[in-house]
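Asks:
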Amino acid sequence: MKQIEKELVIIGGGPAGLAAAVAAYDKGLRDILILERDVALGGILRQCIHNGFGLHRFGEELTGPEYAARYEQQVKERGIPYMTETMVTELRADRTVVARSAAMGIFEIKAGAVILAMGCRERPKGALGIAGTRPAGIYTAGTAQKFVNMKGMMPGKEVVILGSGDIGLIMARRMTLEGARVKAVCELMPYSGGLARNIEQCLNDFDIPLLLSHTVIDIHGKERLEAVTIAKVDERRRPIPGTEQTIPCDTLLLSCGLIPENELTAQAGVPMDRITNGALVDGDRQTEIPGVFACGNVLHVHDLVDYVSEEAAIAGEAAVRFLRGESKKSILVSVKTDGKVRYTVPQILTEAKDTRLYFRVSDVFRGKKIVLKAGDRVLLEKKTVKLAPGEMETVTVKAEWLSELAEGEISISLSD
Amino acid sequence: MKERNLTCIVCPRGCALTVRFDGAGKITSVEGNACKRGVVYAEKECTHPERTVTSTVRTEGGAVVAVKTATTVPKEKVFAVMKEINAARAPRSVSIGDVIIENVAGTGVAVVATANI
Amino acid sequence: MLDGIIIGGGVIGGMVARELTAYGAKVAIVEKAHDVAMGATRANSAIVHAGFDAKEGTLKARFNVRGSEMMRDVCRELGVKYKNNGSLVVGFSEEDRQTLAELKARGEKNGVKELSLLDREALLKIEPNVGDGVTCALRAGTGAIVCPYELCIAAIGNAMDNGAELFLGFEVTAIEEKNGVYTVTAKDGRTLEASFIVNCAGVYSDKIAAMAGDTSFSVIPRRGEYMLLDKAAGGVITHTVFRCPSKMGKGILVSPTVDGNLLLGPTAENIEDKTDVKTTAEGLAKVRLQANEQVKSIDFSKSITSFAGLRSVGSTGDFIINVPRARFVNAAGIESPGLSSAPAIAEYVRELLMGEGIALKKRTDFNPCRRPMHEFQMMTNDEKSALIEKDPTYAHVICRCETISEGEILAALRANPKPSDVDGVKRRTRSGMGRCQGGFCTPYIVELIAKELGIDETEVTKFGGASKMNVGYTKK
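Residue numbers (our numbering), protein chains in the order written: chain D, -16 to 399; chain R, 82 to 198; chain V, 1292 to 1767.
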């Protein structure tokens, strides 16, 4: 088996991996290698051909492939090495990476530091436990997106979408523009998990009904999908008898959540956060295994790619400081949440410096205050108009609070 | 006094806007916007709404390449734009920004490639 | 002319075809579906039963014990994954304890080896995750697991490699005999002639028998619903954990699969429609409830799919393996323990045909071995590298969850019996069987199938018929 050594190996050449590579390079590191399993850099953005990316990062509205191309160009301008069609099959706690490619066969890389940037996958139908038959015509929204946008193929003509995540909303518009009829978008929860503007421009623009507190309870059709039965659900998400209606359709698209792709992470023994399904990290996005960092959707599912790039840059720079022995780990503060705030990233703070906490809430809340406390001491109160699970929020923890913190933990909560 | 509620689509924040009109249908106020772009959007949305269209065009090589309208086009023209996009052919090799259709559906707006192929 | 026609391309038809081919018969398998292994073989418990369940003296008992003994060697020859993980029947009460003792006694009469009764303490030592209410168990050391469709595909492939033919989409509508020659007609008008017929048509075996004039039995479909959990949840137990049969019925099993997943099920519901493989909310809820009683700490958040299969339940209560007319053999009503019995049933069918005067003699040129479908996965890293150097398609990973390369998919598309749809590729390679359930790889698989078959991508189906993956193109 071929063996090579690299200072920094980045697993994944999507938006997170590319931004991490650029940040590490700009911090002075040269011995970098990006490993990407697909035929080209860019990750899932390559198939997200809709606009709406890059307002934060580039101050203009880009489509997915354009956003990816900006970073790809930065990587190429800097001459950062990358390998496409290269699949990482194993990661060990000693930062050994085993990968496979046509040029190298099965090979091993001894890495000084590793950045995990593998992204996420969609929750499949099987995980939803929907009863019924198993005909053709049931796809996750992302699979349909690949067929439609990358291959120019039409998965179907009469569509029902389950789940109102952003990809589902985007695909409602894409399918409509390409000539399909989207009959309904059903959402199990009483609110949508997608962005308000996507409901506006992807559903309302085309008079596609969004049925909140509805789910698919039965699937019909032996060979190709013929219909789905939907029903309203109660507050415990159980179908309400008598509310069933059967909608003829040949396609069911699922947009029911994204799951970070952490199989390699788990294999390496990296401790995980049960809520995010990603690694536990500190402000540097360093996991509890020294020299192993994580960023982007493999760490926690983001709403905007701009935040992915931002987070990846933090990890990229921190990896360089780690390699140079400059990481100063002085304190250890864990961040506790109250359930209304579901999680934060980072979950642990190890340096007394200004740190932005990214978090998501568990429900739609109006007029709440975000409260940051150390013990009973209130560090910060921030008023909000509306908080929703589909949107990531941030709050900044100040260095001066951390340097004089005796408690070893701070808490973040919502209050009236 | 008439009122209309909108969701601003200019940025991911998606502000909930309330637009008020006088008796003549002229906008008197816009509320709920977090930035000035919200006012501009509200005025446009209530008079001549516009959208960016994104889709794909078949290339001579048989693949499809992602495209968009270079700027927004009138909302009522969206399906007319799609009709021209569906009929268009792009060259085998295309770069981001290449013009695929010059003046799509009489809007004066070009359709440009958003991916390299 | 053919020597024989085997009606039904399931695991029984496959094993029979292989056995008869090994004995020099020129046979054809006819199957109404788009691929083999599409009936009960596609969806069952994937268990090689030890053999204590069936009443002594029945065909079920006889072939189960014999088949189970043969299975390891058969799997080795065919390159099929087999694991002797042992099985447990767990009990919850004093009454159950007595039933377990009876099962043990019955098993011993059937000739089953390695049976032992365990109390809770002894049980916890080998399976710490058995349910809190479990008080006793019967352990069968010879219990094993195997992948049923893999075994079927390999058996048919091996028979074909040795000269057998396969006709897919061949739905038999008539059987006629004239001057000692059987003519079998398909719905689409195709006909085949042969001197003997073996009826391995699963839930339809009563219909096939009736076409040949035998109306002595009927077969009803008994639907069983299953849940399959990701490999990440597979480690909770090592044994197959059955539930002690009671007045409430046989109950479900919780079992690891040969691929490391966790399989839960089946429910048991007699139905009318022989094509009805839908799952129900009630059925899946029942599976969940019972599974939790038998084994604790099952992580249902790791569930990746649910499905249903149909057992062929014959009206006699036993397997129906007989010769109702000259040179026509029934292998019908093959419900559980049918998979375990398959190699032994094949052997018996061959004996019955020899009794009918069919000249069958072990071929010296028969190659009983088939390249394992998962050969690449079993290689060392250096072997993999060497193969990648020769054929770089093995480096190109298509299914990321199961790490299946383009090379493996192409090999599956080219090996007997050749698949021509997405599910066929999935059963042979496991592509799309992982935690994302084909979310990422499906478009690539469609492309590879179209290229290999020389068809348009819009023609590719999930499992034949009208199950098209796409309805057309977005642009002309």
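Idealized CB from N, CA, C, for every residue including glycine.
D:A335 and D:S313 - do their beta-carbons sit closer together than 8 Å?
Replies: It is a contact, given that the beta carbons lie within the stated cut-off.
Asks: Within the 8 Å Cβ cut-off, does D:V211 reach chain V?
Replies: Chain V, which has no Cβ nearer than 8 Å to the Cβ of D:V211, makes this no.
Asks: What does a CB cutoff of less than 8 Å around V:F1458 pick up in its chain, not counting 5 residues either side in sequence?
Replies: Hits under 8 Å: A1319, I1320, V1321, E1322, A1477, R1481 and L1483.
Asks: How would you write the range of the alpha helix (DSSP H) that V:V1640 sits in, first residue to last?
Replies: G1629 to G1646
Asks: Do D:H285 and the ligand ATP come close, with the Cβ less than 7 Å from some heavy atom?
Replies: Judged by which ligands are present, the structure shown has none, so any question about the ligand ATP falls away.
Asks: Check the Cβ of V:T1765 against every Cβ in chain R and list those closer than 9 Å, keeping chain order.
Replies: Residues of chain R passing the Cβ test: S136, T137, R139, V145 and N167.
Asks: Start and end of the alpha helix (DSSP H) containing V:N1355?
Replies: L1350 to L1369
Asks: Find the residues of chain R that neighbour D:G135, judging by a C-beta separation of less than 7 Å, and give them in chain order.
Replies: T137, R139 and V145
Asks: Closer than 9 Å between beta carbons: that is the criterion. Which residues of the segment 171 to 185 of chain D meet it against chain R?
Replies: Cβ contacts with chain R come from L178, A179, R180, N181, I182, E183 and Q184.
Asks: For V:G1756, which residues in chain B fall below 7 Å Cβ to Cβ?
Replies: The chain inventory of the structure shown lacks chain B, comprising the protein chains D, R and V.
Asks: In chain D, which residues lie with their C-beta within 8 Å of the C-beta of R:N114?
Replies: Neighbours of R:N114 on chain D: none; closest Cβ ~12 Å, over 8 Å.
Asks: How would you list, in chain order, the residues of chain D whose beta-carbon sits under 9 Å from the beta-carbon of R:R132?
Replies: Q184 and D188
Asks: Under a Cβ-count criterion, where at least 16 other Cβ atoms within 10 Å of its own Cβ denotes burial, should R:E126 be classed as buried or exposed?
Replies: For R:E126, the number of other beta carbons within 10 angstroms of its own is at least 16, and it is reported as buried.
Asks: From the beta carbon of D:D256, is the nearest beta carbon of chain V less than 8 Å away?
Replies: By this cut-off, D:D256 is not an interface position.
Asks: Assuming V:F1401 is part of the alpha helix (DSSP H), what are its boundary residues?
Replies: Correcting the residue identity first, residue 1401 of chain V is Asn in this sequence and not Phe. Looking at the DSSP string, the run of the alpha helix (DSSP H) that includes V:N1401 is E1385 to N1401.
Asks: Indicate whether D:E376 and D:F342 have their beta-carbon atoms separated by less than 8 Å.
Replies: yes
Asks: Could you tell me which residues DSSP pairs with V:A1599 in its beta bridges?
Replies: V:E1516
Asks: Just tell me which of V:G1448, V:M1670, V:V1568 and V:A1428 has its CA closest to the CA of V:T1531.
Replies: V:A1428
Asks: Are D:A(-1) and D:A295 touching if we call contact CB-CB under 8 Å?
Replies: Cβ distance < 8 Å, so D:A(-1) and D:A295 count as in contact.
Asks: According to the neighbour-count rule (16 or more other Cβ atoms, all chains shown, within 10 Å of its Cβ), is V:N1658 buried or exposed?
Replies: exposed
Asks: Which value, in whole angstroms, describes the spacing of the CA atoms of V:R1662 and V:N1621?
Replies: 31 Å
Asks: Taking the alpha carbon of V:F1754 as the point to measure from, which residue in D:K166, D:G120, D:M(-16) and D:G109 has its own alpha carbon closest?
Replies: D:G120
Asks: What residues from chain V crowd round D:A94, counting only those whose CB sits closer than 8 Å?
Replies: Within chain V, no residue comes near D:A94; the closest Cβ sits about 18 Å away, beyond 8 Å.
Asks: Quick check: the segment 1604 to 1621 of chain V against the segment 119 to 139 of chain D, are there 3 or more CB pairs under 8 Å?
Replies: no
Asks: How about the segment 1711 to 1723 of chain V and the segment 1680 to 1696 of chain V: do they share at least three Cβ pairs that are nearer than 8 Å?
Replies: At 8 Å Cβ cutoff, the stretches touch.
Asks: Do you know how far the Cα of V:A1465 is from the Cα of V:M1502?
Replies: 6 Å
Asks: CB-CB under 6 Å to V:R1309, same chain, minus the five flanking residues each way: which ones, in chain order?
Replies: A1446, N1449 and A1450
Asks: Report the neighbours of D:V131 on chain V: residues whose CB is nearer than 7 Å to its CB, in chain order.
Replies: Among the residues of chain V, those whose CB is under 7 Å from the CB of D:V131 are T1765, following chain order.
Asks: May I ask you to list, following chain order, the residues of the segment 176 to 198 of chain R that have a beta carbon less than 8 Å from some beta carbon of chain D?
Replies: I177, T195, A196 and N197
Asks: Would you give the residue range spanned by the beta strand (DSSP E) that D:R104 belongs to?
Replies: C103 to E105
Asks: Output yes if chain D places a C-beta closer than 8 Å to the C-beta of R:K149; else output no.
Replies: yes
Asks: What does D:A459 touch in chain V if you count any residue whose Cβ is under 7 Å from its own?
Replies: Nothing about residue 459 of chain D can be read from this structure; chain D reaches only from -16 to 399.
Asks: Does D:G148 come within less than 8 Å of chain R when only Cβ atoms are used?
Replies: no
Asks: Just tell me which of D:T212, D:A249 and D:G240 has its CA closest to the CA of D:P231.
Replies: Checking every option, the nearest Cα to that of D:P231 belongs to D:T212.
Asks: Below 7 Å CB to CB, which residues in the same chain sit around R:P172 once its five sequence neighbours on both sides are set aside?
Replies: T140 and E141
Asks: Mind pulling the beta strand (DSSP E) runs of 3 or more residues that sit fully within the segment 180 to 256 of chain D?
Replies: 193 to 195, 197 to 203, 210 to 215, 228 to 231, 234 to 237 and 241 to 243
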